[in-house]
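Written below as structure tokens is the structure these notes are about.
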Amino acid sequence: MEIGLEYGPHSLEALLWIAETVEESVYEPGSLVRDPEGIRFTLGNPPLRMGAFSAFRLRWDGRPVDPALLRIRTGLGGSWRTAASVTADAPIELLPGVRIEVAAEVPQGIVGSSAVVRLELQCPAIPPLVWVEFRDTLRGG
Amino acid sequence: MASPARPDGPAGASDALLLRSLSAAVLSDGSGDVTLRREARGAVGDWGGVYAQLVRLTGPWRVHLYDGTQGFGLPEGRISGEKLGDRWVSVHRFGRITVRQEIAPTLRPAGAVRRLRFAVREGPPLPLVVYSSFVPYLLPPMVEGIRPRSFRVETTAEGLAVRQRGFGLDFRSSVAPSHLFLDRASWLGGHRTGPVEVIGTDHDMVVAPGRDVELRCVIVGGLERDLDRSRPMISGLVDDPEPTLAGAERTEVEWLASTPTLRFPDAPELERAYREARASLRRLYAAPDDSLVGLAAGYPWYSAIWCRDLAWMLPALLWLGDFEWVQRSIASVLHFQSRSAIPLLGGEPGELPMQISPGPVFLYGTSDTTLYYPELVARLVRHAGDPRSTEEWLPAIRRIVGWGLARTDPTTGLLRNGGEAEAISAATGSLARVRYGIDSPDTTIWDSTDRRDHAIDVQVLWHSALRSALELDAADAPSTSSRSLRDLADRLAATIPLAYRWPGERFLYDTIRSGRPVERLRPNALRAVSAGLVDPDRSRAIVHRAAEDDLSTPWGVRTLSTRDPLYRPNAYHDGQVWTIATAWAADAAFAAGETELGVDYLRRIAALYAAEGGAANECYRGDCPEPFNSCFLLGLSVGPFVSVVFERIWGLRPDARGARLEIRPSFPAGWRSASLDGLRLGPGRVALRYEAPELIVQWSGPGPLEVTTPGGTGTAGEGREVTLPLGRTDAGRERP
Chain B
49 MEIGLEYGPH SLEALLWIAE TVEESVYEPG SLVRDPEGIR FTLGNPPLRM
99 GAFSAFRLRW DGRPVDPALL RIRTGLGGSW RTAASVTADA PIELLPGVRI
149 EVAAEVPQGI VGSSAVVRLE LQCPAIPPLV WVEFRDTLRG G
Chain Z
218 MASPARPDGP AGASDALLLR SLSAAVLSDG SGDVTLRREA RGAVGDWGGV
268 YAQLVRLTGP WRVHLYDGTQ GFGLPEGRIS GEKLGDRWVS VHRFGRITVR
318 QEIAPTLRPA GAVRRLRFAV REGPPLPLVV YSSFVPYLLP PMVEGIRPRS
368 FRVETTAEGL AVRQRGFGLD FRSSVAPSHL FLDRASWLGG HRTGPVEVIG
418 TDHDMVVAPG RDVELRCVIV GGLERDLDRS RPMISGLVDD PEPTLAGAER
468 TEVEWLASTP TLRFPDAPEL ERAYREARAS LRRLYAAPDD SLVGLAAGYP
518 WYSAIWCRDL AWMLPALLWL GDFEWVQRSI ASVLHFQSRS AIPLLGGEPG
568 ELPMQISPGP VFLYGTSDTT LYYPELVARL VRHAGDPRST EEWLPAIRRI
618 VGWGLARTDP TTGLLRNGGE AEAISAATGS LARVRYGIDS PDTTIWDSTD
668 RRDHAIDVQV LWHSALRSAL ELDAADAPST SSRSLRDLAD RLAATIPLAY
718 RWPGERFLYD TIRSGRPVER LRPNALRAVS AGLVDPDRSR AIVHRAAEDD
768 LSTPWGVRTL STRDPLYRPN AYHDGQVWTI ATAWAADAAF AAGETELGVD
818 YLRRIAALYA AEGGAANECY RGDCPEPFNS CFLLGLSVGP FVSVVFERIW
868 GLRPDARGAR LEIRPSFPAG WRSASLDGLR LGPGRVALRY EAPELIVQWS
918 GPGPLEVTTP GGTGTAGEGR EVTLPLGRTD AGRERP
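Right, dumping it as structure tokens:
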């Protein structure tokens with residue numbers, strides 16, 4: 049409210065435009081699915097920052113997922129690669145507007161339960177960790 | 218010491234084409250389409266598009282032709298291309314068809330016009346389909362990694378309207394579309410809301426010998442509410458864009474004519490570099506709407522008003538005589554000063570924003586931005602001479618001082634930096650379903666590396682802010698009385714050279730954390746030399762240490778010594794070469810009396826301008842002169858260069874209020890002549906002509922102007938010029 053009082057109602061409105069756009073543009077709501085191989089979900093954009101990332105990590109309800117059991121593919125019909133294969137020499141490139149599918153062999157979580165998913169990405173060009181975290185209900189695949 | 222050799226030029230010289238008006242920009246590669254593939258953060262993306270009101274309206278905007286048998290993309294048939302001011306003119310040929318294309322940004326409404334003139338020389342009339350397609354974007358580039366997923370696309374009586382929350386664009390054409398396409402599938406029109414990747418239109422035309430036809434396409438937009446207001450003007454733009462474009466071009470010519478002319482006969486490369494830096498600064502001017510004025514930080518991905526970057530550019534604008542733009546820019550920033558704690562945006566009482574975009578969209582959370590502005594206001598008074606214009610800002614200056622005091626360690630007097638981004642993350646954590654973050658522990662000018670708790674350049678800025686507040690008479694009893702501010706400034710001036718002294722390296726520590734100095738060799742320490750906070754002998758030692766080849770390269774100065782374990786050549790703030798760091802090194806070298814070294818650093822920057830079409834990249838790899846993760850144009854790479862030329866080479870110290878000008882040049886020993894015409898000072902202009910060993914001064918303003926040089930004092934004006942001995946021209950001195 050203080051923002052609106054100080055800088056006018058347009059300021060509140062505009063901040064909401066950005067916040068909502070960011071919230072809706074990364075994790076695709078409802079895309080968290082359990083299938084026989086584990087879980088998968090989709091991002092519509094990189095979390096905040098684009099770039100070539102040398103590390104791609106996933107935490108499932110706070111527990112780190114083995115990078116060998118975590119797979120990613122970008123774009124339509126791209127090929128899957130494991131997070132273990134993502135290194136500074138073989139980074140994964142994430143670009144604005146390019147879909148990112150994530151699949152992980154995670155034993156925990158049943159359809160209908162909710163889970164907290166956290167992705168962490170490291171970009172050698174700008175080292176501070178970039179992360180996105182969401183809670184959603186697991187749907188049947 | 219590093220070799221004074223000039224760089225051969227960066228291997229990745231820019232091929233980017235920036236066309237801009239005060240409210241819009243077109244980014245392209247000159248191929249004929251509005252596309253610009255460019256590496257950022259290590260990945261190559263397409264930054265081409267139309268930007269308006271600091272909102273990215275579109276991604277790539279392409280044109281294809283179909284002559285009934287085959288299709289061509291415009292770049293395939295390109296036979297020439299030329300930049301004329303802020304217009305791009307290219308000629309393309311496909312079989313019998315010749316296309317002359319002109320692309321230009323518009324001012325009001327903000328956006329771009331694309332004119333395509335088709336001609337055939339002989340043969341029967343040729344039916345032609347022109348397919349125009351663009352990627353909708355509609356988000357300020359401040360959120361660099363995200364393209365919105367959902368848009369509302371609607372056909373209107375005049376064309377197409379695309380909306381994304383409060384952002385919007387209108388597409389109009391002089392030849393109505395015969396077919397519409399969404400994501401390359403035919404679309405009957407109406408409206409659609411949802412994911413859209415590409416919006417296309419077919420335009421049917423017939424070209425015959427002697428009967429050229431023209432298609433004019435316009436994309437304008439930004440804020441939807443402003444677009445709605447400017448809608449009546451769009452038709453005029455489609456019918457005849459020429460008056461609007463010509464008007465904008467006249468403004469550019471007038472601005473250039475109002476700026477000073479420099480002549481360095483003994484250093485023509487610096488003279489040219491000044492002209493290039495001046496032109497580049499102008500290209501960053503931004504007035505996205507009636508209430509917001511400033512300069513964009515850079516292109517392509519920093520095309521917003523970043524207030525720290527603005528602060529590095531505004532001193533240069535004062536030397537260029539654009540007092541009005543400086544005044545309006547400062548007013549824009551101070552308008553968004555946080556009056557109370559705004560945790561959601563990272564704002565503390567008195568803090569100035571990190572970034573402003575129309576909307577308004579603004580965000581706080583840096584440890585240094587706020588500290589620049591008292592000195593900027595003081596500088597404006599020194600140049601323009603009218604303190605009344607800045608009196609209304611004194612409460613804001615007092616709030617800035619209050620902000621600084623709240624972050625000051627009572628024991629040491631040092632200002633604390635760090636924790637800003639974490640505070641925003643904590644405040645927003647419970648509000649959103651999806652949380653995001655970048656774990657930056659710190660937000661100094663090198664905001665991707667950890668420089669907590671008391672970075673040296675932040676302390677220098679704090680000292681400058683206090684001194685400037687005193688100069689502006691902004692002291693406010695009792696907590697910020699003149700005496701208490703002076704005591705604190707004096708204490709800082711005494712503390713900085715002692716607490717940061719690094720005997721082992723003959724340098725200054727980068728920061729102090731938990732009471733202990735951090736042994737990290739960065740160019741930021743040079744700011745203490747420039748500010749005159751270090752004695753002359755140590756200043757020279759520091760400047761010489763910075764010139765060693767672990768920090769300095771032939772293409773500029775690194776952000777971190779190669780000897781540091783943290784150093785990596787492609788790390789943004791832990792190894793890459795930044796042009797602003799090179800300008801700092803030049804500034805400090807002049808301040809320490811190392812004139813030849815200062816000129817050498819400026820020559821390194823000049824070589825970059827020469828190699829890159831008049832601008833220097835934001836940054837280069839630390840191990841070779843290749844831009845990496847770099848804006849091709851950044852205000853930080855041009856503004857400080859201009860300031861160093863006036864403040865150090867010419868050694869100018871204005872006092873418009875007192876009708877005085879101090880001139881203490883630092884000309885290299887071999888320079889025999891130099892001149893400066895059209896320097897604005899208060900109500901008049903100054904012309905300087907150096908013919909060794911004398912300086913001739915002319916003054917056009919009312920009343921006399923007192924001029925002081927190392928060789929003497931005299932009075933110019935009222936029809937008289939004054940000739941003064943210059944004395945030594947290569948002595949060091951503290952910053953004006």
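Residue numbers (this note's numbering), protein chains in the order written: chain B, 49 to 189; chain Z, 218 to 953. Note that beta-carbon positions come from the ideal geometry of N, C-alpha and C, so glycine has one too.
Beta-carbon contacts of residue i that lie in its chain and below 6 Å, excluding the five residues immediately before and after
{"i": "S917 (chain Z)", "result": "G901, R902"}
{"i": "A692 (chain Z)", "result": "S698, S699, L702"}
{"i": "G188 (chain B)", "result": "V159"}
{"i": "V81 (chain B)", "result": "R88, R187, G189"}
{"i": "T779 (chain Z)", "result": "D767"}
{"i": "W128 (chain B)", "result": "R119, R121"}
Where residue i meets chain B, residues with beta-carbon distance less than 7 Å
{"i": "L356 (chain Z)", "result": "T69"}
{"i": "R615 (chain Z)", "result": "Residues of chain B passing the Cβ test: none, with the nearest at roughly 17 Å."}
Residues bridged to residue i (per DSSP)
{"i": "Q915 (chain Z)", "result": "Z:A904"}
{"i": "I416 (chain Z)", "result": "Z:F351, Z:L399"}
{"i": "E923 (chain Z)", "result": "Z:R877, Z:T932"}
{"i": "R733 (chain Z)", "result": "Z:R730"}
{"i": "R492 (chain Z)", "result": "Per DSSP, none; premise fails for R492 (chain Z)."}
{"i": "R616 (chain Z)", "result": "Paired residue(s): none; R616 (chain Z) is not in a bridge."}
Neighbouring residues, chain B, relative to residue i (Cβ below 9 Å)
{"i": "S557 (chain Z)", "result": "E50, E54"}
{"i": "Y789 (chain Z)", "result": "A173, I174, P175"}
Contacts of residue i in chain Z (Cβ-Cβ under 8 Å)
{"i": "F182 (chain B)", "result": "R650, V651, R652"}
{"i": "E149 (chain B)", "result": "Result: empty, since nearest Cβ-Cβ is about 15 Å, beyond 8 Å."}
{"i": "A100 (chain B)", "result": "R258, G259, A260"}
{"i": "S79 (chain B)", "result": "None at all; the shortest Cβ gap to chain Z is about 12 Å."}
Contacts that residue i makes with chain B (C-beta to C-beta distance below 8 Å)
{"i": "R364 (chain Z)", "result": "S73, N93, P144, G145"}
{"i": "F553 (chain Z)", "result": "Y55"}
{"i": "S665 (chain Z)", "result": "I174, P175, P176"}
Within chain Z, partners of residue i - CB distance below 9 Å
{"i": "L96 (chain B)", "result": "V360, E361, G362, I363, Y653, G654, I655"}
{"i": "W179 (chain B)", "result": "R652, Y653, G654, I655, D656"}
{"i": "S161 (chain B)", "result": "Neighbours of S161 (chain B) on chain Z: none; closest Cβ ~17 Å, over 9 Å."}
Supposed contact pair residue j and residue i - C-beta distance, whole angstroms, cut 8 Å
{"i": "W264 (chain Z)", "j": "L291 (chain Z)", "result": "That belief does not hold up - the Cβ atoms of W264 (chain Z) and L291 (chain Z) are roughly 18 Å apart, past 8 Å."}
{"i": "L893 (chain Z)", "j": "L905 (chain Z)", "result": "4 Å"}
{"i": "R525 (chain Z)", "j": "T625 (chain Z)", "result": "Contact flag wrong, Cβ pair sits at about 20 Å."}
{"i": "G259 (chain Z)", "j": "A163 (chain B)", "result": "About 31 Å separates the two Cβ atoms, so there is no contact after all."}
{"i": "E750 (chain Z)", "j": "I713 (chain Z)", "result": "The amino acid occupying residue 750 (chain Z) in the given sequence is Leu; Glu does not appear at that position. Contact flag correct, Cβ pair sits at about 5 Å."}
{"i": "A269 (chain Z)", "j": "G438 (chain Z)", "result": "6 Å"}
Same chain only: Cβ atoms within 7 Å of residue i, ignoring 5 sequence neighbours per side
{"i": "G621 (chain Z)", "result": "L588, L632, W679, A682"}
{"i": "S307 (chain Z)", "result": "G249, R295, S297, G298, Q318"}
{"i": "R223 (chain Z)", "result": "Reliability of the predicted coordinates at R223 (chain Z) is poor, the pLDDT of 31 falling under 50, and no value is obtained from them."}
{"i": "D429 (chain Z)", "result": "R334, F335, A336"}
{"i": "A494 (chain Z)", "result": "Y826, V855, F858, V859"}
{"i": "V370 (chain Z)", "result": "L377, V379, L399, H408, R409, V413, I416"}
{"i": "L235 (chain Z)", "result": "A242, L244, R500, Y516, L850"}
{"i": "S475 (chain Z)", "result": "G538"}
Where residue i meets chain Z, residues with beta-carbon distance less than 7 Å
{"i": "I87 (chain B)", "result": "The premise fails here: I87 (chain B) is roughly 17 Å from chain Z at the closest Cβ pair, so nothing lies under 7 Å."}
{"i": "I66 (chain B)", "result": "V360, V578"}
{"i": "A62 (chain B)", "result": "G383, G576, P577, V578"}
Contact set for residue i: own chain, Cβ-Cβ below 8 Å, skip 5 residues either direction
{"i": "W875 (chain Z)", "result": "Note on residue identity: the sequence assigns Gly, not Trp, to residue 875 (chain Z). Closer than 8 Å at the Cβ level, and outside the excluded window around G875 (chain Z), lie E923."}
{"i": "T932 (chain Z)", "result": "P921, L922, E923, V924, V939"}
{"i": "M450 (chain Z)", "result": "R325, P326"}
{"i": "S220 (chain Z)", "result": "Because S220 (chain Z) carries a pLDDT of 34, less than 50, the predicted location of this residue cannot be relied on, and no value is offered for it."}
task: Select from the region 625-644 of chain Z all residues with a C-beta closer than 9 Å to any C-beta belonging to chain B, and list them in chain order.
output: Hits within the stretch, in order: A638.
message: Under 8 Å, CB to CB, which of the residues in the region 121-144 of chain B have a partner in chain Z?
response: Listed by position along the chain: P139, E141, L142, L143, P144.
query: When Cβ atoms are compared, which residues of the region 839-851 of chain Z fall closer than 9 Å to chain B?
result: Going along the region 839-851 of chain Z in chain order, one finds F845, N846 with a Cβ nearer than 9 Å to chain B.
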